[in-house]
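First residue of the sequence shown? That's 1 in UniProt numbering, and the numbers climb one at a time after it.
We treat Cβ as the ideally placed atom computed from N, Cα and C, and that holds for glycine.
Just so we're clear, the structure is a prediction, and the values are computed from it rather than from any experiment.
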Amino acid sequence: QWLSDRKKRALQKKDVDIRRRIELIQDFEMPTVSTKIKVSRDGQYIMAVGTYKPRVRCFDTYQLSQKFERCLDSEVVTFEILSDDYSKIVFLECGRFVEFHSQHGHYYKTRIPKFGRDFSYHYPSCDLYFVGASSEVYRLNLEQGRFLNSLQTEASESNVCDINPVHFLFAMGTAEGKVECWDPRTRSRVGLLDCALSCVTADTEIEGLPSISALKFDGALNMAVGTSTGQVLLYDLRSSNPLIVKDHHYGLPIKSIQFHHQLDLIISADSRIIKMWNKDTGKIFTSMEPEHDINDVCLYPNSGMLMTANEAPKMNIYYIPVLGPAPKWCSFLDNLTEELEENPESTVYDDYKFVTRNDLENLGLAHLIGSSLLRAYMHGFFMDIRLYHKAKMMANPFAYEEYRREKIRQKIEETRAQRVQLKKLPKVNKELALKLMEEEGEEQQFRKKRKQKNLPSLLKDDRFKVMFENPDFQVDEQSEEFRLLNPLVSKISEKRKRKLKLLEELEAQGQEEEEEPEGKASDAESSESSDDEKGWVEEVRKQRKLLRQEEKLKRQERLKEDQQTLLKPQFFEIKEGEEFRSFKDSAKKQKLMKKTLEDRLKIEEKLGTLNVSDTTVGSKQATFKLKKSEQQRKQQEAEKRHRQERKTLRRSASHLKSRRGRGRLFH
Numbered sequence: 001q002w003l004s005d006r007k008k009r010a011l012q013k014k015d016v017d018i019r020r021r022i023e024l025i026q027d028f029e030m031p032t033v034s035t036k037i038k039v040s041r042d043g044q045y046i047m048a049v050g051t052y053k054p055r056v057r058c059f060d061t062y063q064l065s066q067k068f069e070r071c072l073d074s075e076v077v078t079f080e081i082l083s084d085d086y087s088k089i090v091f092l093e094c095g096r097f098v099e100f101h102s103q104h105g106h107y108y109k110t111r112i113p114k115f116g117r118d119f120s121y122h123y124p125s126c127d128l129y130f131v132g133a134s135s136e137v138y139r140l141n142l143e144q145g146r147f148l149n150s151l152q153t154e155a156s157e158s159n160v161c162d163i164n165p166v167h168f169l170f171a172m173g174t175a176e177g178k179v180e181c182w183d184p185r186t187r188s189r190v191g192l193l194d195c196a197l198s199c200v201t202a203d204t205e206i207e208g209l210p211s212i213s214a215l216k217f218d219g220a221l222n223m224a225v226g227t228s229t230g231q232v233l234l235y236d237l238r239s240s241n242p243l244i245v246k247d248h249h250y251g252l253p254i255k256s257i258q259f260h261h262q263l264d265l266i267i268s269a270d271s272r273i274i275k276m277w278n279k280d281t282g283k284i285f286t287s288m289e290p291e292h293d294i295n296d297v298c299l300y301p302n303s304g305m306l307m308t309a310n311e312a313p314k315m316n317i318y319y320i321p322v323l324g325p326a327p328k329w330c331s332f333l334d335n336l337t338e339e340l341e342e343n344p345e346s347t348v349y350d351d352y353k354f355v356t357r358n359d360l361e362n363l364g365l366a367h368l369i370g371s372s373l374l375r376a377y378m379h380g381f382f383m384d385i386r387l388y389h390k391a392k393m394m395a396n397p398f399a400y401e402e403y404r405r406e407k408i409r410q411k412i413e414e415t416r417a418q419r420v421q422l423k424k425l426p427k428v429n430k431e432l433a434l435k436l437m438e439e440e441g442e443e444q445q446f447r448k449k450r451k452q453k454n455l456p457s458l459l460k461d462d463r464f465k466v467m468f469e470n471p472d473f474q475v476d477e478q479s480e481e482f483r484l485l486n487p488l489v490s491k492i493s494e495k496r497k498r499k500l501k502l503l504e505e506l507e508a509q510g511q512e513e514e515e516e517p518e519g520k521a522s523d524a525e526s527s528e529s530s531d532d533e534k535g536w537v538e539e540v541r542k543q544r545k546l547l548r549q550e551e552k553l554k555r556q557e558r559l560k561e562d563q564q565t566l567l568k569p570q571f572f573e574i575k576e577g578e579e580f581r582s583f584k585d586s587a588k589k590q591k592l593m594k595k596t597l598e599d600r601l602k603i604e605e606k607l608g609t610l611n612v613s614d615t616t617v618g619s620k621q622a623t624f625k626l627k628k629s630e631q632q633r634k635q636q637e638a639e640k641r642h643r644q645e646r647k648t649l650r651r652s653a654s655h656l657k658s659r660r661g662r663g664r665l666f667h
């Protein structure tokens, strides 16, 4: 798309596929997205609206190019071509605007009271009927140039509308899943269809209330209705029950419905698929799934050509010869399709194997040439893949063993290449570098299988270079946090230490490593990893137990140091203007203020006002007890004495009662 015309011509000379491409209309596209597409009644002009910026483009089919382009103030919801050519167009825009264009350009602009969603033109009275986010249907008369009395409906909102081309019955689809039919002559409702109830069948699954999203008349008696849940209902206006219900099975709103009279087909489309099916039986004729989401579908009259407006710059054109002939402005399409039918391409199936004559002789199947088991094609033959596998097994029964040996040899070569790379290890954090190299090797193998690009190495990244050069970034594996968060590191690090030792020895000696023995089991590493996963809980408990023992030994050592220290008398001078309350308290406070937080926490722990415990994640939890004031201490002592006095009084009272009882018995 971004190539110049000169480069395109140069490509066409080289590339056969580009040479075969057909561009019916030059620059048949929008800048970003196309929303609606229509054909004029004379068939000469194709008009499309899209964004961004909001615009309308008119294409002349006789010239196979764009005729004009006009930009608009806001996005177009829908539009209608009132004349046979492009001379009279009406646009319904997002901001409640209705814009009229004539042959020279913009003609007039007005607004409707509520936001519009669709409109239809009633030719006998020159009325425009607007439906939208309101219960009213607004009528604008183009002959008188004024709004007429609106139609009051029972619906809260309306989505689509259409006028029958034979008897001009006006129909509108509501958000409640109903279709209201009105007579424009008497301005009264003549019928009501409950499509939401009719679209629920035994085969369909519906979530929520379906609203009407598409509506189209066919002749005087037939009408097709599309719902927001992906069903298409075909009605006869004389019956309230649908003749047929067709489900798209995608759950997406139906965007467009078209009728093809020559083959009695209905062409319905949601945002994902276009389905063509028989309106009598419901049998699928064909379906198309474009690359991008569909916004609108237009069937060129009396032909087999379809045009779609998509969520992409390009507007697609499809030609299906079975539906009808090509339009007269591109009649050469018929000649192209006839040539394709005369020269059909042979298809190659996946369940067939292509073999040459030499391959057949090696397999011992040369006698099958000329039989129905071999199909001649180019310089060889096609044969059934099952027959090929059987013949190969019989001709070379040890092929699997050879394949296995080759795979083992490839694995050994891969491990050798990895080991050679591991020799270049940094001075700092060697084990971490080794771990990263192993993980990168595994990831590269995984990406090779999926044919994905390799990610850049962490060791070669300049942002993390200092971590493998500066000794300050060395990982301390003896710290409590590291041991608790990595309980299985000890086992894994032992393997890496062995590898590091081997690498250092090889670097010193300047020798290559020996080959890995062929008889080693391939499941050894996987079994070790599974054992590590099973023993994870036990390893955590073991590490926690070791940490408690180490903490206990440290406490005992601190106690011994405190007992061995000798206290010497010290003299202090009281400054002027300060009161002396307690010598011990002030001295203690001064000592505590000079000490670090760690020493103060240790003292508090000895006194019992602080409790330090380890959590399961490896962090610490500290609990403090506030010191009690002198007044609180005296109050607690008084309460304690009072409780003791009450206990003694109760005991003496019970003793006296027991003595009186004994005296009575004795008397």
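Around the beta-carbon of PRO242, 16 or more other beta-carbon atoms lie within 10 Å, marking it buried. Annotation for ALA395: the continuous alpha helix (DSSP H) segment containing it runs 385 to 395. In the structure shown, LEU425 falls within a coil segment according to DSSP collapsed to helix, strand and coil. At the C-beta level, ASP162 and LYS216 come within 9 Å of one another. Annotation for GLY282: ILE244, LYS246 place their beta carbon closer than 6 Å to its own, counting only its chain and skipping 5 residues before and after. Scanning the segment 300 to 329 from its first residue to its last, the whole beta strand (DSSP E) runs of 3-plus residues come out as 305 to 310, 316 to 319. Nearest to THR51 by alpha-carbon distance, out of ILE112, GLY173, GLU311, LYS407, is GLU311.
Beta bridge pairing from DSSP links LEU148 with ARG139.
Nearest Cα to ARG189 within the set ASP218, LEU169, GLU176: LEU169.
Rounded to the nearest whole angstrom, the CA to CA distance from PRO113 to ASP127 is 17 Å. A residue is called buried when at least 16 other Cβ atoms come within 10 angstroms of its Cβ; GLY173 meets this threshold and is buried.
With respect to VAL428, GLN474 sits close: the two C-beta atoms are nearer than 9 Å. In this structure, GLU99 is the residue among PHE115, GLY116, GLU99 with its C-alpha nearest to the C-alpha of TYR108.
Taking a contact as a CB-CB distance under 8 Å, the pair CYS199 and LEU233 counts as one, their CB atoms being some 6 Å apart. Here VAL56 is not near VAL33, since their CB atoms are 9 Å or more apart. Inter-residue distance for ARG641 and ARG650 is about 14 Å (C-alpha atoms, whole angstroms).
Counting only residues of its own chain and dropping the five nearest sequence neighbours on each side, ARG70 has a CB closer than 6 Å to the CB of VAL56. Going by DSSP, LEU92 is part of the beta strand (DSSP E) stretching over 89 to 93.
The Cβ-Cβ distance between LEU148 and GLU136 does not fall below 9 Å. Assignment of beta-bridge partners to GLU80 by DSSP yields VAL90. A residue is called buried once 16 or more other Cβ atoms fall within 10 Å of its Cβ, and PRO253 is buried on that count. A check of alpha carbon separations from PRO471 across GLU645, GLU480, PRO426 identifies PRO426 as the nearest.
A check of alpha carbon separations from GLY251 across ASN222, GLU207, ASP334, LYS279 identifies GLU207 as the nearest.
By the neighbour-count criterion, in which 16 or more other beta carbons inside 10 Å mark a residue as buried, MET30 falls on the buried side.
When the alpha-carbon of SER303 is set against those of THR286, GLY324, MET288, the nearest one is in GLY324.
In this chain, ASN164 is not harboured by any beta strand (DSSP E), its DSSP state being neither H nor E. Restricting attention to MET467, LEU221, GLU402, the CA atom closest to the CA of VAL166 is found in LEU221. For ASN278, the uninterrupted beta strand (DSSP E) run begins and ends at 274 to 278, by DSSP. Under the three-state reduction of DSSP output, GLU338 falls in the helix class. Excluding its 5 nearest sequence neighbours in each direction, MET288 has C-beta neighbours in its own chain below 6 Å: ILE274, listed in chain order.
Here the C-alpha atom of ASP27 lies approximately 7 Å from the C-alpha atom of GLN66.
Beta-bridge partners assigned by DSSP to ILE294: ASN310. For LEU265, there is no enclosing alpha helix (DSSP H); the enclosing beta strand (DSSP E) covers residues 265 to 269. Rounded to whole angstroms, GLU550 and LEU559 show a C-alpha spacing of 14 Å. Three or more Cβ pairs closer than 8 Å define a contact, and the segment 356 to 370 falls short of that threshold against the segment 285 to 299.
In the DSSP assignment, ARG600 falls within the unbroken alpha helix (DSSP H) covering 597 to 607.
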